[in-house]
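Student:
In full-length UniProt numbering, the protein residues as written are 1 to 470.
1) Do you know whose CA, among 449, 456, 256 and 329, lies nearest residue 464's CA?
2) Where does residue 226 land, buried or exposed, given buried means 16+ other C-beta within 10 angstroms?
3) Would you check if there are 3 or more beta carbon pairs closer than 8 angstroms linking the region 290-305 to the region 426-440?
4) To which residues of the same chain is residue 158 closer than 7 angstroms at the C-beta, ignoring the five residues directly before and after it?
5) Are the beta-carbon atoms of residue 150 and residue 127 separated by less than 8 angstroms?
6) Report all residues from its chain with a CB closer than 8 angstroms to the CB of residue 35; omit the five preceding and five following residues, and keep chain order.
7) Pull up the distance between the alpha-carbon of residue 461 and that of residue 424, whole angstroms please.
8) Is residue 354 buried or exposed, if buried means 16 or more other CB atoms sit within 10 Å of its CB?
9) Taking the alpha-carbon positions, what's the residue 185 to residue 411 distance?
10) List the DSSP bridge partners of residue 272.
11) Taking the beta strand (DSSP E) that residue 42 falls in, what are its first and last residues?
12) CA-CA distance, residue 94 and residue 101?
13) Below 8 angstroms, can you find three or more Cβ-Cβ pairs linking the region 371-389 to the region 355-363?
14) Based on the DSSP secondary-structure assignment, which residues constitute the bridge partners of residue 461?
15) Here's the rule: buried if 16 or more other CB atoms are within 10 angstroms of the residue's CB, otherwise exposed. What is residue 422?
16) Among the residues of its own chain, which have a CB less than 6 angstroms from the CB of residue 262, if the five just before and after it don't count?
17) Taking DSSP's pairing of strands, which residues face residue 351 in a bridge?
18) Using a Cβ-Cβ cutoff of less than 6 angstroms, which residues in the same chain neighbour residue 203 once the five nearest sequence positions on both sides are dropped?
19) Output the distance between the C-alpha atoms of residue 28 and residue 375, rounded to the nearest integer angstrom.
20) To which residues of the same chain is residue 172 closer than 7 angstroms at the C-beta, ignoring the five residues directly before and after it?
21) Who pairs with residue 384 in a beta bridge, going by DSSP?
22) Taking C-alpha atoms, which residue in 381, 121 and 404 lies nearest to residue 419?
23) Indicate the three-state DSSP secondary structure (helix, strand or coil) for residue 66 in the structure shown.
24) Could you check whether residue 116 and residue 134 sit closer than 8 angstroms to each other, using their CB atoms as the reference points?
25) Could you tell me whether the Cβ atoms of residue 78 and residue 224 are closer together than 8 angstroms?
26) Would you decide whether residue 189 is buried or exposed? Buried here means 16 or more other CB atoms lie within 10 Å of its CB.
27) Beta-carbon within less than 6 angstroms of residue 275's beta-carbon, same chain only, minus the 5 sequence neighbours each way: which residues are those?
28) If the criterion is Cβ atoms closer than 8 angstroms, does the pair residue 295 and residue 404 meet it?
29) From what residue to what residue does the beta strand (DSSP E) around residue 202 run?
30) Tell me the start and end of each unbroken alpha helix (DSSP H) in the region 121-181 that is at least 4 residues and wholly inside, in chain order.
31) At which residues does the alpha helix (DSSP H) containing residue 234 begin and terminate?
32) Going by C-alpha distance, which of 199, 343, 200 and 178 is nearest residue 191?
33) Considering just the uninterrupted stretch of the beta strand (DSSP E) at residue 257, what are its terminal residues?
34) What do you get for residue 341, buried or exposed, if any count of 16 or more other CB atoms within 10 angstroms of its CB means buried?
35) In angstroms, rounded to a whole number, what distance separates the CA positions of residue 321 and residue 451?
36) Apart from the five residues just before and just after residue 468, which ones in its own chain have a Cβ nearer than 6 angstroms to its Cβ?
This is the structure:
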């Protein structure tokens, strides 16, 4: 059943495209996209920010990073500061291993300390002012405070009765009105932190506005907001605080520590869990933008199978020439679940629907092919089989997506292994693609595949094999 299907006509002129590698990461629940390239142009950053948020509705902010330890840098899309993105950058730079680095971060003058603790949590120094007057009491509401930090200003609001029973959109609207009322909406970035005292500790409801990219988010976690609460607690107590847990809307904790001698603030830090959600490539073409991401779990695949068009796309592509095959929904779902459990699966989507897929499995998982391969000196234990490949022929023809899906799988395979692919002897497009990537045909290795076709007749077609040592 494994095969390749995509538009067979080839453009004489390659469509211009830009590609960006990214990591989606969850620091304390504050889902963040980190593009692995520093983009100086603020308009381009905003464009990529919007594309990423369209592709991933859970993403609350986008940053641009240089992960070279010697030149470590984080530039947020709006030029603002973000504590959670800062500690996420350190986590990636250190590969999740304990250590400490210095990071140049947008919205902040000096480099910040950040790293990974022995328990695996990521931490980051927060850019606070030493002047305790930067935490000022709101004279109209004396329990509340305006906290001025480098890169962002936070309003710490202990009156949570005003948001009880309201949905996130209503809370965002109320918070934005409060920011305008307090004159905070002219800052590069500002937020309202609603703080609630509960039996388990303090909880926050964060709303953050970034002026230059005009985003307003009811955030699932907020590092700078957590720090703002910590600064107010330290000033109120007149002394330092250490590892005070602030629960985020995600339910996850972020700990805050602030050095305070009663007159000036010193060092401030946040620390908490970080989880990598996925990695991928954002591609911009004249036909639109799309992302290719690796799917690691059945849970991640579920939304593509149940809420998306993956099954329909698969069936539509393989009903065309040269295969003319038909599959049940159950068959297709089984294929993709198998790829996630036992192999590699990459999916392409444009923010609205799935537009491509590429899968590979260890050859040892394909018993019939493994037995055939042994006859030609192919070791199933050190060989990966390039399984299904498909690209939407209604929108993304001839933009290089098929090649990207092949390269993504090859890059994910162990070095030194053999990649084996099979295709119809009549599939000129796939043969041209794989030959161009260095695959060579295995002389004499042929398989007759019997399958029910779209005319409801069971027919055979000839498949040939190509391989490449990675």
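We treat Cβ as the ideally placed atom computed from N, Cα and C, and that holds for glycine.
Tutor: Short version:
1) 449
2) buried
3) no
4) 143, 144 and 195
5) yes
6) 20, 21, 22, 48, 52, 62, 63, 64, 65 and 282
7) 7 angstroms
8) buried
9) 45 angstroms
10) 122
11) Premise fails: residue 42 lies in the alpha helix (DSSP H), 42-55, not in any beta strand (DSSP E).
12) 8 angstroms
13) yes
14) 449
15) buried
16) 238
17) Bridge partners of residue 351: none, in fact.
18) 196 and 247
19) 52 angstroms
20) 207, 216 and 218
21) 362 and 419
22) 381
23) strand
24) no
25) no
26) buried
27) 26
28) no
29) 201-210
30) 168-181
31) 223-237
32) 178
33) 253-260
34) exposed
35) 14 angstroms
36) 419, 438 and 439
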